[in-house]
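Q:
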Amino acid sequence: MSELKDKVALITGASRGIGRACALALAARGARIAVNYSRSPELAEQVVRDIEAQGGKAVALGADVSKPEQVDQLFDALMGQYGRLDVLVNNAGITRDGLLVRMKLEDWQQVIDLNLTGVFLCLKAASKIMLKQRSGRIVNISSTSGLAGNPGQANYSAAKAGILGLTRTAARELASRGITVNAVAPGFIATDMTGGLNLEPILAQIPLRRVGKPEEVAGAVCFLCADPAAAYITGQILQVDGGLVIA
Ligand code: NAP
0 MSELKDKVAL
10 ITGASRGIGR
20 ACALALAARG
30 ARIAVNYSRS
40 PELAEQVVRD
50 IEAQGGKAVA
60 LGADVSKPEQ
70 VDQLFDALMG
80 QYGRLDVLVN
90 NAGITRDGLL
100 VRMKLEDWQQ
110 VIDLNLTGVF
120 LCLKAASKIM
130 LKQRSGRIVN
140 ISSTSGLAGN
150 PGQANYSAAK
160 AGILGLTRTA
170 ARELASRGIT
180 VNAVAPGFIA
190 TDMTGGLNLE
200 PILAQIPLRR
210 VGKPEEVAGA
220 VCFLCADPAA
230 AYITGQILQV
240 DGGLVIA
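In numbering that gives the first Met the number 0, the protein residues as written are 0 to 246.
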């Protein structure tokens, strides 16, 4: 499949988990990939090798996307490498769970800084490039926690709900220049992020009775980047949650 041939895709937090799956899936559709990472350079280089092994092109670019100056450097490096940007997947995210009454301000702030401000910073930097190109696809990774809330995740669900407002506003601002902005809201997906959780009691709440795979989130991301399949979709939230949250 080469529907994204000659396109360039940046995926934040692509050294592991959902971001890695998105990088591999977009590469399989022909896109040249920028694999952003923060603290796992070896894993990011392995993702690059995995993409090259399947015949694709990729580069690993380190940056903490919660830091404005590092985001500037990331986009400079990206443009130096590829000279354009067609797809941005805002995927980098962390959890610092704790009940509201015990949550430290630091844990609140760290999650907001990366999961919400990081999305804003990359969205803004990507928009400048895409506005000039008069085309682009942006997919923000939210969460069902941002839709329904989740005990112990006041910081995380606030950030993930914030992403939805950001997505809808950016979609309205950028549509006239041929740029779509959508969000994907995963439920429970088997990655390092959920590795420490006892998922057994959660399965009963999931109509499909299993956790999701990173590749299943990547499939939704690829759909939203597909042309013409998703060209007329913007400002939307696509849940990939096995039916966990059905409105
Ligand atoms: P993960 O396995 O923990 O991977 C997180 C990724 O984010 C890693 O590649 C990590 O890179 C990167 N990252 C962390 N801090 C970063 C920073 N400051 N700057 C740039 N990259 C950074 O997580 P995941 O489960 O794949 O989650 C990916 C996204 O999906 C997150 O936004 C998460 O909130 C969302 N999500 C996950 C689930 C789930 O059940 N897993 C459900 C809903 C939503 P380094 O290792 O290089 O630091």
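Built from N, CA and C at the ideal position, the CB exists for glycine as well.
Just so it is clear, the structure is predicted and the values come from calculations on it, not from any experiment.
Alpha carbon to alpha carbon, how far is G218 from V136? Give it in angstroms, no decimals.
A: Here residue 136 is Arg; the residue named in the question, Val, does not match the sequence. Roughly 15 Å separates the two Cα atoms.
Q: Would you kindly report the start and end of the unbroken alpha helix (DSSP H) that includes I201?
A: That run of the alpha helix (DSSP H) goes E199 to L202.
Q: In the structure shown, what three-state DSSP assignment does T179 receive?
A: T179 falls in the strand class under three-state DSSP.
Q: How many angstroms separate the CA atom of N197 from the CA atom of T94?
A: Cα-Cα distance, rounded: 16 Å.
Q: How would you write the range of the beta strand (DSSP E) that R31 sits in, first residue to last?
A: Counting along the chain, the beta strand (DSSP E) containing R31 begins and ends at R31 to Y36.
Q: So the candidates are L163, M129 and E172; which of them puts its Cα closest to the Cα of Q238?
A: Nearest of L163, M129 and E172 to Q238, Cα basis: L163.
Q: Are the beta-carbon atoms of I10 and N90 separated by less than 7 Å?
A: Yes, the pair counts as a contact, with Cβ atoms nearer than the cut-off.
Q: Kindly provide the ranges of any alpha helix (DSSP H) runs that are 4 or more residues long and lie completely inside the stretch 89–125, ordered along the chain.
A: With a minimum length of 4 residues, the continuous alpha helix (DSSP H) runs that stay inside the stretch 89–125 are 104–111.
Q: Could you name the residues of the same chain whose beta carbon sits closer than 6 Å to that of D75, not counting the 5 residues immediately before and after it, in chain order?
A: Around D75: no qualifying Cβ.
Q: Kindly indicate the opening and closing residues of the beta strand (DSSP E) around G242.
A: Unbroken run through G242: none, as it is neither H nor E.
Q: Sorry if obvious, but does the Cβ on V64 come closer than 6 Å to a heavy atom of ligand 1?
A: Yes; taking the cut-off as 6 Å, the Cβ of V64 has a heavy atom of ligand 1 nearer than that.
Q: Between the C-alpha atoms of Q69 and A157, what's the straight-line distance to the nearest angstrom?
A: Those two C-alpha atoms are separated by around 24 Å.
Q: May I have the straight-line CA-CA distance separating D240 from A225, to the nearest angstrom?
A: Straight-line Cα distance between these residues: approximately 21 Å.
Q: Regarding D191 and ligand 1, is the C-beta to nearest heavy atom distance less than 6 Å?
A: D191: yes, Cβ under 6 Å from ligand 1.
Q: Once the 5 residues before and after F222 are set aside, which same chain residues still bring their CB inside 7 Å of it?
A: Around F222: A228 and A229.
Q: Would you kindly check if the distance between the Cβ of L146 and the Cβ of V244 is under 7 Å?
A: A contact, by the Cβ cut-off of 7 Å.
Q: Report all residues from its chain with a CB closer than 8 Å to the CB of A125; omit the five preceding and five following residues, and keep chain order.
A: Closer than 8 Å at the Cβ level, and outside the excluded window around A125, lie L9, F74, L84, L87, G135 and I137.
Q: If the criterion is Cβ atoms closer than 7 Å, does the pair Q80 and V58 meet it?
A: Contact flag set, yes.
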